[in-house]
Structure formats: structure tokens, C-alpha cells
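Residues in the sequence shown are numbered consecutively from 40, following this note's numbering.
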Amino acid sequence: MNLAITGSSGNIGGMVARHISTRGLPLILPLRNPTKVPYLSNCEARRFAYGDLELAKQALNEVDVLFMVSAAESPTREQEHLTLVQAASEAGVQHIVYLSFAQVALDSTFTLLARTHAVTENAIRQTNMRYTFLLDNFYSEMMATIANADSIIAGPADDGRVACVSQRDVAQAAANVIADIACGNHRHDNQTYTLTGSQSLNFAEIAAVLTEITSKPYRYHNETVEEAFASRKAEYSDTPDWQIEAWVSTYTAIAKGEFAAISDDLPQLLGWASLNFEDVVKAQYAK
Numbered sequence: 040m041n042l043a044i045t046g047s048s049g050n051i052g053g054m055v056a057r058h059i060s061t062r063g064l065p066l067i068l069p070l071r072n073p074t075k076v077p078y079l080s081n082c083e084a085r086r087f088a089y090g091d092l093e094l095a096k097q098a099l100n101e102v103d104v105l106f107m108v109s110a111a112e113s114p115t116r117e118q119e120h121l122t123l124v125q126a127a128s129e130a131g132v133q134h135i136v137y138l139s140f141a142q143v144a145l146d147s148t149f150t151l152l153a154r155t156h157a158v159t160e161n162a163i164r165q166t167n168m169r170y171t172f173l174l175d176n177f178y179s180e181m182m183a184t185i186a187n188a189d190s191i192i193a194g195p196a197d198d199g200r201v202a203c204v205s206q207r208d209v210a211q212a213a214a215n216v217i218a219d220i221a222c223g224n225h226r227h228d229n230q231t232y233t234l235t236g237s238q239s240l241n242f243a244e245i246a247a248v249l250t251e252i253t254s255k256p257y258r259y260h261n262e263t264v265e266e267a268f269a270s271r272k273a274e275y276s277d278t279p280d281w282q283i284e285a286w287v288s289t290y291t292a293i294a295k296g297e298f299a300a301i302s303d304d305l306p307q308l309l310g311w312a313s314l315n316f317e318d319v320v321k322a323q324y325a326k
């Protein structure tokens, strides 16, 4: 069975590729720049671009199982995803494992980025491919570095909570699912798993963990939505409006409780308990 992993030059895709490689399974790595292929045994790099239908079809030729991570954040990401789904279907991919996002919907509070995942999931469902959707929460590694230079976490999240999840755990769970499929196990066919951490924390609690581990005085400042737009535009004057709106909507979605729920899907896929936020922060700041 031929396996392909997109995004292998990035964090999640790279970790998944390494996990699969250590199991001795052959890999195809579609990459925009094949010279950036990770040094792994049993792998073949192929030139690929999300938005190029013919190039994507060539890269996925004879692929049975595709692990799909998102294209880079951009106004064209939705169309790029749809093109890749079409390419996978036309190339004969049998099963697609898609790294989606928690609480996605066409009207998600978390604007462009989460809504793109909903469109992509719908497109995959309309093909003849089997699918597995992995819906991860915000990454703990991101939350560990979310404060500004003054150690302030600022945003309009009110007292909302987020069940953030470790990238390491997400990658391991994805690799386990892919390996199961490669062995002919069909228990993941047309299944959706929600991948969260074991804790649901508000930003004041996140700041407290950061303070305890780093000995720096972190704190959370609850901005209004108007203040959030103004502060972001002032700090990143060249950032396009869609990106600023996406950033602000991260916090407003958390304020609405959309990312607070804890799921037990991740430990079941891992076979052990997931990392908590404190574990991730300790590892992050030990580097």
C-alpha cells in the first residue's frame, strides 16, 4: 500500500512522516520544493502544489492513502484544498486522512481559516474516497508563545477556555491511524476524531502556567474587539485585513466557548494519556 504525506517539511507533517518511516512503511512525500525532503528511509519526494491540479495528480499517482495537512494561510487556501481533493479523487486515492480543526462550520466564529476546513470536509465527503477527519484544537506550542514582548497575552477572549493540544500528540495519533489503515484495518473508515488536550484553560490560567515555569510575570489582558483590531493593526501595519480578522476571531471564538470541550478521542488513538499544557511549556522552554 502506498502512503503519501503532505506538509512533510513542516511540523506536523514532518513528525508524521518520521513516525511512519520508523515503522518501515514506504512513503511518497509531495512537496513544493522536493529538495526540502526530510532525510528519511523508504521515501520518495515528488514535486507538488496544492493549487495545481495536474501536478497534484501526478504526485498522487498510485497513492492509496493520503495524509492531508492544510495549505499555507492565504485567501486562496479554500480553492487550493478543493483542487487537492479533486486531484486525490481523480488519481485514485482510496482513503484520505485530513487534519481538520475543532468546531468547524461554514459559519464558524473563527472566520476564514476554520470555515475553509468545513468546505474541505464537505468536498471530501462528496467523493468516493474513504475518509478520516482529525479535528485538532489550538496547539499548546502556539499558546506557549502567544504573549507579546511584555509577557502580556492580549485579546478579546473574556473568560473563555481552550482545550489546547500538543503537536507531538496530534502527529503520533495521525501516524497511528495511517499505520492502521496501511495494515488493512477499516475501523477508521469515515470516522471523525476530535483531538484535544486533557485540560481546558482560560488565558489567565495559561499566563499563570507560563509564569510558574519561566519565572517571568505573564498576565492576560482582556481587550475589547475594537481594541484588538486596533492593537493588531498598529503592531502589524502591513498585515492584510483578512489575517487580522482571523486573529481576532480566534479570541472571540474562544470567548464563546467553541474550543473549551475536552474529548477522549486522543488518548484512545494514542494508547496513553495526552500531554498537558504544563508538560508542553516545560519542553518548549527547555530548548
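A virtual CB, placed ideally from N, CA and C, is assigned to each residue, including glycine.
| Asked | Found |
| --- | --- |
| If we define contact as Cβ-Cβ less than 8 Å, is residue 250 a contact residue for chain D? | No chain D appears in the structure shown, which is made up of a single protein chain. |
| Classify residue 199: buried if its beta carbon has 16 or more other beta carbons within 10 angstroms, exposed otherwise. | buried |
| For residue 297, does the count of other Cβ atoms within 10 angstroms reach 16, so buried, or fall short, so exposed? | buried |
| Would you kindly work out how many angstroms separate the C-alpha atoms of residue 83 and residue 316, rounded to a whole number? | 35 Å |
| Entirely within the stretch 185-236 and at least 3 residues each: give me those beta strand (DSSP E) ranges in chain order. | 191-194, 230-234 |
| Determine the contact status of residue 65 and residue 41, defining contact as a CB-CB distance below 8 Å. | yes |
| Taking just the CA atoms, how far does residue 57 sit from residue 214? | 9 Å |
| Decide if the stretch 179-196 is in contact with the stretch 260-268; the criterion is three or more beta carbon pairs, one per stretch, under 8 Å apart. | yes |
| Can you check which of these residues, 185, 138, 127, 45, is closest to residue 232 by C-alpha distance? | 138 |
| What distance in whole Å lies between the Cβ atoms of residue 242 and residue 203, which are believed to be in contact at a cut-off of 8 Å? | Their Cβ separation, rounded to whole angstroms, is 11 Å, which puts residue 203 and residue 242 out of contact at 8 Å. |
| Thinking just about the alpha-carbon of each residue, which of 187, 313, 237, 307 is nearest to the one in residue 300? | 237 |
| For residue 179, collect the residues of the same chain with a Cβ closer than 8 Å to its Cβ; drop the 5 residues on either side in sequence, then sort them by chain order. | 203, 204, 205, 206, 236, 314, 316, 319, 320 |
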